[in-house]
């Protein structure tokens, strides 16, 4: 007589689920004595198997059996809480919830999807195993960062899904969902960049600090380093290295932004953006080799609120306005209107025009025009940073920043306008 493989497989999967969760729970209490362990790997394995067997017997014995099994597990959970409080002096619900979850996943592995049930078991074990890391993370966060995290979750997981994803307004130039999505993308990059600086440490070196600052605001770093050179002096090569590293990282950041929105446009921009980044990185490395030594402590850019919701909303309004102006100029003036808007927008911000043109390139804007507009905005933004370094930090710093930007612009000119 052949054994039906399907029920056997279901039982084995439910047992494996219990063993996965039990492995983590058993490891957590491995140092306790045998008489102090409430439940270990075997117990969780049996609970998972119980769920699988109850599910297998459901067609024969009816729905009461899984309910009785659930009642038995809940009773065991209450008993485990009582014993843990009595023996260990602790009151925790993690093990009890893990028992209940193990039973339910055992049912799920037979009745619904075994692969998804196993995935849930692995995720649960991983989450429980990260207890120490999670507690350290809570201590690591400042009050400002904690509230910034909540605000980021608000704009990304609460507000974004409820916005209408359709074109509306004059010329159908406004899409609330896409506009807010761009806000979330920019805020997310700045948010992650802030914590990267905190985790890795700005004092680890100017190189790391500048590259990470380029993920958020290379203009802000340029202003601060220019002021530092004005106050201290004699650090032109070192500070130029930092400014150029941040500026080169900006080109890579733009490439990632475009890739997230329109992969075909990103492929068209890959060569010029990588050439720009490589050229500026090369000058930064050259200045680094000739750098001066710091005498008054490490250069450390100030860090601000990782997520300013008011700024994010202002960015959304700016993005909507730029998108509307790009559509209007494209319809009235043609491609030259988009180029004019790119030149003007690049003076203050390069991300907004990049995101707007990337979105428009899906429909009414040609890829070639969008690519040229993005490059023009970035080049103007780099020129503005060079002029800031020149005006605030002095001629020696300013020329060291302007020269690499100027040379890199000349190198990609044939890629922007092949006939030039």
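Numbering (this note's numbering), first residue to last: -12 to 407.
Don't be surprised by glycine CBs; every beta carbon is placed ideally from N, CA and C.
Please read these numbers as outputs of a predicted model, since none were measured by experiment.
Whole-angstrom C-beta distance between residue j and residue i, which should lie under 8 Å
i, j, result
"residue 12", "residue 27", "7 Å"
"residue 376", "residue 233", "Their Cβ separation, rounded to whole angstroms, is 11 Å, which puts residue 376 and residue 233 out of contact at 8 Å."
"residue 365", "residue 333", "7 Å"
"residue 68", "residue 39", "Going by Cβ atoms, the distance from residue 68 to residue 39 rounds to 25 Å, so no, they are not a contact pair."
"residue 258", "residue 231", "Not a contact, Cβ separation roughly 20 Å."
"residue 330", "residue 367", "6 Å"
"residue 4", "residue 104", "6 Å"
"residue 353", "residue 161", "That belief does not hold up - the Cβ atoms of residue 353 and residue 161 are roughly 21 Å apart, past 8 Å."
"residue 242", "residue 260", "5 Å"
"residue 408", "residue 97", "Since the first residue of the chain shown is -12 and the last is 407, residue 408 is not available in this structure."
Selected residue, minimal CA-CA separation from residue i, among the options
i, options, result
"residue 82", "61, 379, 98 and 127", "61"
"residue 264", "362, 55, 384 and 235", "235"
"residue 198", "238, 162 and 398", "238"
"residue 227", "396, 69, 208 and 243", "208"
"residue 124", "171, 144, 186 and 55", "186"
"residue 355", "328, 256 and 132", "256"
"residue 58", "171, 80 and 91", "91"
"residue 224", "381, 85, 164 and 241", "381"
"residue 402", "362, 165, 368 and 369", "362"
"residue 147", "154, 165, 130 and 132", "165"
"residue 395", "369, 174 and 385", "369"
"residue 385", "161, 220, 153 and 135", "220"
"residue 371", "30, 118 and 336", "336"
"residue -2", "100, 178, 218 and 122", "100"
"residue 397", "351, 170, 267 and 240", "267"
"residue 201", "311, 240 and 108", "240"
"residue 111", "122, 127, 126 and 87", "87"
"residue 150", "96, 167 and 141", "167"
"residue 348", "154, 250 and 14", "250"
Pair within 9 Å by beta-carbon distance, residue i and residue j
i, j, result
"residue 374", "residue 248", "no"
"residue 222", "residue 216", "yes"
"residue 326", "residue 359", "yes"
"residue 55", "residue 41", "yes"
"residue 53", "residue 94", "yes"
"residue 89", "residue 156", "no"
"residue 345", "residue 262", "no"
"residue 2", "residue 45", "no"
"residue 357", "residue 252", "yes"
"residue 293", "residue 132", "yes"
"residue 115", "residue 85", "yes"
"residue 175", "residue 143", "yes"
"residue 127", "residue 178", "no"
"residue 118", "residue 277", "no"
Residue i - containing alpha helix (DSSP H), residue span
i, result
"residue 133", "130 to 140"
"residue 377", "354 to 380"
"residue 277", "Where residue 277 is concerned, there is no enclosing alpha helix (DSSP H), given that its DSSP letter is neither H nor E."
"residue 97", "81 to 98"
"residue 338", "338 to 347"
"residue 245", "223 to 248"
"residue 46", "45 to 48"
"residue 145", "It is not in any alpha helix (DSSP H) - residue 145 carries neither H nor E in the DSSP assignment."
"residue 117", "No alpha helix (DSSP H) contains residue 117, which DSSP labels as neither H nor E."
One or two residues paired with residue i in a DSSP bridge
i, result
"residue 155", "161"
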